[in-house]
Amino acid sequence: MIELKDVSYTYPHTVQEALHRLSLVLEPGRCIMVTGPSGAGKTTLCLAACGILCHEYGGKKSGLVTINGRDVSTYTGLSEIAKNIGIVFDDAEAQMIFTTVEEEILSALEYRGITPEEIEKRLASIMEVTYLTELKNRSPHNLSGGQKQRAALAATLALGNDILILDEPTSELDEHATRRIVEILSNLKKQGKTILLVEHKYAHFRDMVDTLVVMEHGAISAIGAPEDVLKDERIRRIVIPDFTGIRNGAAPALFASSPAISVRHLSYSYDEVPALHDVSIEISAGEFVAIVGENGSGKTTLVKQFNRLLIPTAGDVLIRGKNTRDCTITDLARDVGLVFQNPDHMFFADTVKDEIAFGLENLGIKNKNDVIDAALDEVGLLHTKTLYPRWLSRGERQRLAIACVVAMQPAIIVLDEPTTGLDGDEARLVMEILKNLQVKGHTIIVITHNRDIAQYCADRMITMDQGRVISDTQVME
Amino acid sequence: MSEILQYVHKDGFFHRLHPFSKILFIIVASVMCVFVTSIPFLILMVVALLVIAYASHLHREVIQQLKLVLIMSVVFIIITVLTMPNGATLGYLIPQGVPVIGGSIAITDGAIGIGLILALRFMVLIFAFQLFLISTQPRDLVHAMEKLHMPIDYILMFILALRFIPTLQIEGQRIHEAQLARGYNPGTGMIGKIKSVAPIVIPLVSNALLRSNVLGLTIDMRGYRTGIRTHVRERKFCTGDYAMMGGLAVTVSGFVVIAIFASGLIF
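This is the structure in structure tokens:
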């Protein structure tokens, strides 16, 4: 059991409280799901609940946290707390220490003070429960996102603790991988495990959640049985993304007759591993296209061909009539803007303004200040112009990444999973921004696992599986 | 993307060896290549390592480093030609026909010889360490280092340094692609590399620091620092280890005998 009483916390070198007088009880065998906007303090709550804030972080702390009835500050350190609690952080990759999946789990078991026979028994059982048996000799770094999440969960389960804290365990996973994690956690709950889960995908977890907590600005704004919490319409919009009406919000520009993108019999292989097989699609100027499919189906590989980050092994890709084989990446950056899944891969400047100016300078675009203001205004971040990009919340950083691309004025904007890690309101805001850009004449292509985005925002849905386009349909709401 | 210096799961001769045998192997290889100044003997060492790699089914992984090794070899030779001219002049880096500066940097046989020795030593070290790292699971390495009574924090630090190599490699590639997509064209060659530092290195370091924080917490929360470990699946000394020990003993003895009685062969 974990109990937080009136807990407040301020990170070092900051003035704003990350947690504000927060009280919460996690009872044995129960599952609490915590959700809310990025920057609301969800991860900080996880760190507080497992004693990491108390033992490893500086900053201003007040209130009381107890684990199994004992004040966390009386534990000798994280090693002692680790005998009671297992935590899985949101970055699965960062939790992979060893070089094979089996070694990762086995190493965690070795430090539990149990016999070698018990270790072997538990290892086999955990591998089976987390569906990792076939992957035991694979390098964790080469696993898919879902497999990495399962490996991180398995290493934590190896600790054999009754309390589990999971910080966004499905954030980057497709439907299939998410369902697998849900199934594993549901079974663990049935076995009596106590679970504190930070998530945005309430719909997937609804059957196992006993208490739903919505956090905003470091405090709990709603708590209770999910059906009671969701009665409040504002809270409901945060918990469950609602994309209805976005497509009908404004009339899109007429599709031009010439295609913006023409993919002809495209095949691509990484070294000798085929990733795309004979893909042929045409995307008209001004269209809003959603590309859906499971992890590893070839979606990202396909869009990387649009700006020549990858060159076709066979076939051709034509961008506004130009064959990518005959263009440089810089040339194509004027036509195609690509927003990657993790915005933190691009930010390096000291201010938001400089971050956007970087792309403009690369392309020699004039009137920088006006263009920057217009781009920031488009995504609602004009007030952050002088801030350090990495200080922004996840949702704001995602919008800044879009602004960086919009400012470069490409006709085609491609976004890889733009709603990852965002709550319902933030996800809707991002999709509304994209819809506005479509209305202004941009061609929008969104890679997503979320079929609601395809259903309610896009004009067309392309489904990929194992490197092939398996369906290409116009979407009707 | 293939990972640099990471364990490769195979069942070859080198994989079956105890970490102690492998540690001894790289110590012997390193010490010998540092003392030896004979180019034919160093070539023999490189060939011997490649044969061991082939016999251990690790030749493909070792050959992957050949490009880096050859580039570094050329760099070593250029540096020695520029900084250590001695012996007979074979030609000039800037042809004598060029007005004013023609014939100003002499290429001497002595400098090339030293450059070759450095390059071959580098090859021996790289191949030996690579054989060790790609055939040894970090878990076995931790056990071996624990037996040598090294503090657990230092052992974990070493393991994590190795673990961060593929992370930085993959992350660097992603960041590079993200910046290229923003029209960034730092150019090729040394100037391009220097220009690309800020847009690549700043996000790389920032993200790596965040990752290292999570990694540190993971280590604590999995109890690796408690030091109380159940010994399971520990590597035992096998026939291969005794063969390796024997081979190393013969090599070292032979080396000492040659050094005393026929030093011209190796020095």
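Residue numbers (this note's numbering), protein chains in the order written: chain X, 1308 to 1784; chain E, 1473 to 1739. Glycine included, each C-beta is placed from N, C-alpha and C at the ideal position. Nothing here was measured: the structure is a model prediction, and the numbers come from that model.
Any chain X beta carbon closer than 8 angstroms to residue i
i	result
Pro1623 (chain E)	no
Leu1687 (chain E)	yes
Arg1646 (chain E)	yes
Asp1449 (chain E)	An answer regarding residue 1449 (chain E) cannot be provided, because it is not within the stretch 1473 to 1739 covered by chain E.
Glu1533 (chain E)	no
Glu1649 (chain E)	yes
Gln1536 (chain E)	no
Pro1491 (chain E)	no
Arg1488 (chain E)	no
Ile1642 (chain E)	yes
Tyr1626 (chain E)	no
Any C-beta of chain E under 8 angstroms from that of residue i
i	result
Pro1476 (chain X)	no
Ile1250 (chain X)	The shown model of chain X, from 1308 to 1784, leaves out residue 1250 (chain X), and the question about it has no answer.
Ile1626 (chain X)	no
Tyr1418 (chain X)	yes
Pro1423 (chain X)	yes
His1448 (chain X)	yes
Ile1545 (chain X)	no
Leu1326 (chain X)	no
Ala1718 (chain X)	no
Met1653 (chain X)	yes
Ala1711 (chain X)	Looking at the sequence shown, residue 1711 (chain X) is not Ala but Cys. Interface residue, yes.
Thr1785 (chain X)	Absent from the structure is residue 1785 (chain X), since the part of chain X shown begins at 1308 and ends at 1784.
Distance between residue j and residue i (C-alpha atoms, nearest Å)
i	j	result
Gln1478 (chain E)	Ala1501 (chain E)	20 angstroms
Ser1540 (chain X)	Thr1551 (chain X)	For the sequence presented, residue 1540 (chain X) should be read as Glu rather than Ser. Answer to the nearest angstrom: the Cα atoms are 15 angstroms apart.
Asn1669 (chain X)	Glu1410 (chain X)	45 angstroms
Thr1693 (chain X)	Val1570 (chain E)	54 angstroms
Gly1736 (chain E)	Gly1585 (chain E)	16 angstroms
Ile1549 (chain E)	Ala1597 (chain X)	55 angstroms
Gly1525 (chain X)	Ile1524 (chain E)	59 angstroms
Val1677 (chain E)	Asn1449 (chain X)	21 angstroms
Leu1592 (chain E)	Lys1496 (chain X)	59 angstroms
Thr1552 (chain E)	Ser1432 (chain X)	59 angstroms
Gly1346 (chain X)	Leu1645 (chain X)	25 angstroms
Arg1429 (chain X)	Val1379 (chain X)	28 angstroms
Thr1518 (chain X)	Ile1530 (chain X)	7 angstroms
Leu1681 (chain E)	Glu1363 (chain X)	16 angstroms
Asp1633 (chain X)	Ile1626 (chain X)	11 angstroms
Span of the alpha helix (DSSP H) around residue i
i	result
Thr1639 (chain E)	1624 to 1652
Glu1427 (chain X)	1423 to 1436
Asp1692 (chain E)	1669 to 1693
Glu1703 (chain X)	1701 to 1714
Ala1597 (chain X)	Taken as a continuous stretch (DSSP letters only), Ala1597 (chain X) belongs to no alpha helix (DSSP H), being part of the beta strand (DSSP E) at 1595 to 1599.
Cys1634 (chain X)	Where Cys1634 (chain X) is concerned, there is no enclosing alpha helix (DSSP H), given that its DSSP letter is neither H nor E.
Pro1491 (chain E)	1491 to 1507
Lys1312 (chain X)	Segment 1309 to 1317 is the beta strand (DSSP E) holding Lys1312 (chain X); no alpha helix (DSSP H) there.
Met1515 (chain X)	It is not in any alpha helix (DSSP H) - Met1515 (chain X) carries neither H nor E in the DSSP assignment.
Thr1555 (chain E)	1538 to 1555
Val1518 (chain E)	1511 to 1527
Ile1586 (chain E)	1581 to 1607
Asp1612 (chain E)	1610 to 1619
Assumed close pair residue i, residue j - CB separation to whole angstroms, cut-off 8 angstroms
i	j	result
Ala1356 (chain X)	Ile1309 (chain X)	5 angstroms
Pro1675 (chain E)	His1652 (chain X)	6 angstroms
Gln1454 (chain X)	Leu1442 (chain X)	6 angstroms
Continuous beta strand (DSSP E) stretch holding residue i: start and end
i	result
Ala1526 (chain X)	1526 to 1531
Thr1501 (chain X)	1501 to 1505
Thr1373 (chain X)	1367 to 1374
Val1717 (chain X)	This sequence places Pro at residue 1717 (chain X); Val is not what is there. Segment: none, Pro1717 (chain X) is in no beta strand (DSSP E) and carries neither H nor E.
His1327 (chain X)	1326 to 1333
Arg1571 (chain X)	1566 to 1577
Gly1644 (chain X)	1643 to 1646
Residues of the stretch 1677 to 1702 of chain X with a CB closer than 7 angstroms to any CB of chain E: list them in chain order, please. Arg1697
Would you list, in chain order, the members of the stretch 1389 to 1402 of chain X that have their beta-carbon closer than 8 angstroms to a beta-carbon of chain E? Ala1389, Lys1390, Ile1392, Gly1393, Ile1394, Phe1396, Asp1398, Glu1400, Ala1401, Gln1402
Got a sec: which bits of the stretch 1651 to 1681 of chain E sit with their beta carbon under 7 angstroms from any beta carbon on chain X, in order along the chain? Gln1651, Leu1652, Ala1653, Arg1654, Gly1655, Tyr1656, Asn1657, Ala1670, Pro1671, Ile1674, Pro1675, Ser1678, Asn1679
Of the residues that make up the stretch 1608 to 1625 of chain X, which ones have a beta carbon closer than 7 angstroms to any beta carbon in chain E? Asn1614, Leu1616
Chain X contacts from the stretch 1690 to 1705 of chain E (Cβ-Cβ distance under 8 angstroms): Thr1690, Ile1691, Asp1692, Met1693, Arg1694, Gly1695, Tyr1696, Arg1697, Thr1698, Ile1700, Arg1701, Thr1702, His1703, Val1704, Arg1705
For the stretch 1329 to 1349 of chain X, which residues have a beta carbon sitting closer than 7 angstroms to at least one beta carbon of chain E? none
Can you pull out the residues from the stretch 1581 to 1613 of chain E whose beta carbon lies closer than 8 angstroms to at least one beta carbon of chain X? Gln1609, Pro1610, Arg1611
Using a Cβ cut-off of 7 angstroms, which residues of the stretch 1578 to 1602 of chain X contact any Cβ in chain E, in chain order? none
Cβ-based contacts, 7 angstroms cut-off: residues of the stretch 1643 to 1677 of chain X near chain E: Leu1645, Phe1647, Asp1651, His1652, Met1653, Phe1654, Phe1655, Phe1665, Gly1666, Asn1669, Leu1670
Could you please tell me which residues of the stretch 1511 to 1537 of chain X, in chain order, have their CB closer than 9 angstroms to any CB of chain E? none
Cβ-based contacts, 8 angstroms cut-off: residues of the stretch 1366 to 1377 of chain X near chain E: none
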